[in-house]
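The listed protein sequences derive, respectively, from chains G and D. Counted from 1, the first sequence has number 352 at position 352 by our numbering; the numbering is strictly sequential. Counted from 1, the second sequence has number 1174 at position 174 by our numbering; the numbering is strictly sequential. Backbone N, C-alpha and C fix where the C-beta goes; we use that ideal spot for every residue, glycine too. For reference, the structure discussed in these notes is given below.
Number of protein chains: 2
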Amino acid sequence: MSPTPATPRVERIPAGEGAIWVGEGLLRDASRYLVSPSGRFLLVSPASARSASDPIRKALGSAVLLDFEIEDGEAAKSLANVEKISEAALAAGLRRDDAFVAVGGGVATDVTGFAAAILLRGVAWNAVPTTTAGMADAAIGGKTAVNHPRGKNLLGAFHPPRAVLSDPVCLATLPDRDYRAGLVEAYKAAWVADPELSSRASESLSAVLERDGAALVALLAGAARVKIGIVETDPRDAGRRHLLNFGHTLGHALEGAVPWGTLRHGEAVAWGIAAALEISKRRAGLSEQDAAAIRRTLSRLGPFPQPERDPKKLAPLLALDKKATAAGTAGVLLEEIGRARVEPSVPIPEWLDAAAIMSLS
Amino acid sequence: MSPTPATPRVERIPAGEGAIWVGEGLLRDASRYLVSPSGRFLLVSPASARSASDPIRKALGSAVLLDFEIEDGEAAKSLANVEKISEAALAAGLRRDDAFVAVGGGVATDVTGFAAAILLRGVAWNAVPTTTAGMADAAIGGKTAVNHPRGKNLLGAFHPPRAVLSDPVCLATLPDRDYRAGLVEAYKAAWVADPELSSRASESLSAVLERDGAALVALLAGAARVKIGIVETDPRDAGRRHLLNFGHTLGHALEGAVPWGTLRHGEAVAWGIAAALEISKRRAGLSEQDAAAIRRTLSRLGPFPQPERDPKKLAPLLALDKKATAAGTAGVLLEEIGRARVEPSVPIPEWLDAAAIMSLS
């Protein structure tokens, strides 16, 4: 007899009324995990995600009521595309008990989740992220949104998916730069709230960078568990959820200081974390040893492109931050690896100083 | 000394995190009742509601961050207008702790409430309805929506206002036909759930038709209390809330069978109630005495235009109902005045028979 292949581990993280599933081979069994009260599904996916959407098409078969191809790229994250999805869904005969399945990167999941939030005042949806950024962050926590000419994510809703399926097989064709940048959010989740995950994730970094399935599943499941744990204490982003913005205050400014797409979101966050480490050492008692350990991990996730450091360019962007006041801009500071807090107001010159000296080595 | 004028009664109905205020003279004191976490307000109102919006402008003074004029009429209940409001609000510097104030009919409150629901993933809003339909129904219960070319209210959100101000003074210029049609929803609320309110509302009908302030306040406050009581047991419209659809199954079909606006919504609901009374007598044990009492009230609220009764026109519209199945269409039946239940499936021929014989006298 030939040996039975080992069953890959599947992790289930309960999330509100739904669940996040992380594991190798989930896609083949998608019909076991995807949720639709009526049993009917509306698939939304870009052509580029075909290697992930095809197994789902096959698994769902005739339960697919609509197979909608969405454009790719940040420009597609628009109210116009929500309208296109709405029109197609209503034309297909959408009912309140049907469910969407978004397969793709953050654009596909954000736009589809928002369409699901407002169609018939809310129908169920499922997310199948195909990027590390999606699996570590974008598809988890219930935030959906589209961009507005005046800024990113300005129109949206809190509408958690009923199921998230994160299958490392989807990452097979993800370019290395995107693969690595997306992982920054997974490590970030560990650093702000889970010292043990931080330590396990450091140890498995080499395996993760080699795209080892088991190591990735452990990291992504751990990060999802941290994020859901935080989100469920603060679903509407009014307090503790801000911890997940570690690295994002300066990160958003760095991302906005260069033409869109020059820096990946995760890369900007990596630099933002490097700056927050400097401020954390001064204001939150973070040890240089902990800061150095994080910088080491970030530098191995990189190398990341050098960001804009010109204070004249960064200052106005920091002042535009949603949480900015006359006294400064809120930031998340690390006290030690696994414990963070929100600092309501860090003066802009401190951010600029940190941007000048931050380093990833 | 001159006598102190009697202070008109102000009713406060707690509603989730907010409240519904019903009373004469509320508008003058709008700044006492309208809620904004930041203290800043974005006013949205059609030019036709100026007699109601002007006192609010005056009461709020420099706290008005944006004064946006929205178009009037059902065509304005569009995603395009949500975009216009969003653009104006973001241009004015909208922050998460600001609040909208919608002053006007159901179009103004529905569109503004929906914009508030999705801007920055949700900001607070207040409703100042200027029609009986708005005060009795549209502004209460948290449903916001816009129309889609494929149907009414197909895009929307559950996003209750923090305060609703219903001041009879707003009704001074409302045409009599709209005034009367809107009241159908107030009586409907009494009939499905509150026998005592039903009886008081019958007694005060003459005063209400003469626009007596105190009688109106008592009726509208009672109807709001019934609606909020039902909504809070079923905010997402999954069960008990359907009771509020008494008269709406056939009503929607009657409304859709003629050019838009030919029948007021409340008029269509009045006929729908007349039909539901016939079915209720057969299926739910409603006495002819109770049915006759309701018909008497409806005929005094009218006269309402004769509706379309052609089964060939009504049957396809009934089959399109959101709650339709192969076996029939759900309806709300009255067991006696003040007690209703949902009948999951009434065969379409029964609706058509009831439409053929329904009467309002």
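Which chain D residues are close to residue i, counting only those with a beta carbon under 7 Å from its beta carbon?
i	result
G156/G	I1118, R1121
Which residues of chain D have a Cβ atom closer than 8 Å to the Cβ of residue i, listed in chain order?
i	result
E83/G	L1079
R150/G	E1087, L1090, A1091
A145/G	R1121
Per DSSP, residue i is paired with what?
i	result
R339/G	E336/G
G1307/D	Contrary to the premise, residue 1307/D reads as Pro rather than Gly in this sequence. According to DSSP, P1307/D bridges with nothing at all.
H242/G	In the DSSP output, where bridge partners are listed per residue, H242/G has none listed.
R1200/D	Per DSSP, none; premise fails for R1200/D.
S1166/D	V1022/D
Could you check what DSSP says for residue i in three-state terms: helix, strand or coil?
i	result
F114/G	helix
L43/G	strand
D1054/D	helix
T109/G	helix
W1125/D	strand
G1252/D	The question names Gly, but residue 1252/D in the sequence shown is His. In the structure shown, H1252/D sits in a helix (DSSP, three-state: H, G or I).
M1001/D	Note that M1001/D scores 46 on pLDDT, short of 50, meaning its location in the model is unreliable; the coordinates nonetheless yield the value given after this. Correct three-state label for M1001/D: coil.
V35/G	coil
R211/G	coil
G23/G	strand
E74/G	helix
K143/G	strand
S1048/D	helix
H159/G	coil
D1098/D	coil
G104/G	strand
G18/G	strand
P1259/D	coil
D1067/D	strand
S1361/D	coil
E1011/D	strand
P316/G	helix
G272/G	helix
R1264/D	coil
G61/G	helix
G1134/D	helix
Can you name the residues of chain G whose CB is closer than 8 Å to the CB of residue i?
i	result
R1096/D	K322
Alpha carbon to alpha carbon, how far is residue j from residue i? Give it in angstroms, no decimals.
i	j	result
P1175/D	R1309/D	27 Å
T109/G	H159/G	11 Å
A1172/D	T233/G	48 Å
D321/G	G229/G	26 Å
H242/G	A1189/D	43 Å
P1307/D	R1177/D	16 Å
T297/G	E203/G	10 Å
A355/G	I1013/D	53 Å
E83/G	K227/G	30 Å
G1222/D	A75/G	49 Å
D29/G	I56/G	8 Å
V1164/D	N1245/D	21 Å
P956/D	R1040/D	What is shown of chain D runs 1001 to 1361, which leaves residue 956/D out entirely.
R240/G	V231/G	8 Å
T1132/D	R1180/D	8 Å
T130/G	A139/G	10 Å
A1270/D	G1105/D	20 Å
M1001/D	A1214/D	Bear in mind that the predicted position of M1001/D carries a pLDDT of just 46, short of 50, making it unreliable; the figure below should be weighed with that in mind. Roughly 26 Å separates the two Cα atoms.
Y1166/D	A253/G	Before going further, note that residue 1166/D is Ser rather than Tyr in the sequence given. Near 45 Å, if we compare the C-alpha coordinates of A253/G and S1166/D.
P1195/D	R1339/D	8 Å
A1080/D	G93/G	23 Å
R282/G	Y33/G	47 Å
V217/G	N126/G	19 Å
Could you confirm whether any beta carbon from chain B is found closer than 8 Å to the beta carbon of residue i?
i	result
L1333/D	Absence of chain B from the displayed structure is noted, the protein chains being G and D.
Residue i and residue j look like a contact to me (Cβ under 8 Å); what is the Cβ gap, rounded to whole Å?
i	j	result
R43/G	S53/G	Before going further, note that residue 43/G is Leu rather than Arg in the sequence given. The Cβ separation is near 7 Å, so the contact holds.
G1156/D	A1145/D	3 Å
K1143/D	R121/G	7 Å
L205/G	R300/G	6 Å
Y187/G	A201/G	6 Å
L1334/D	L1277/D	7 Å
R341/G	A284/G	7 Å
Would you say the beta carbon of residue i comes nearer than 7 Å to a heavy atom of the ligand FAD?
i	result
A75/G	With respect to the ligand FAD, the structure shown offers nothing to examine, as it has no ligands at all.
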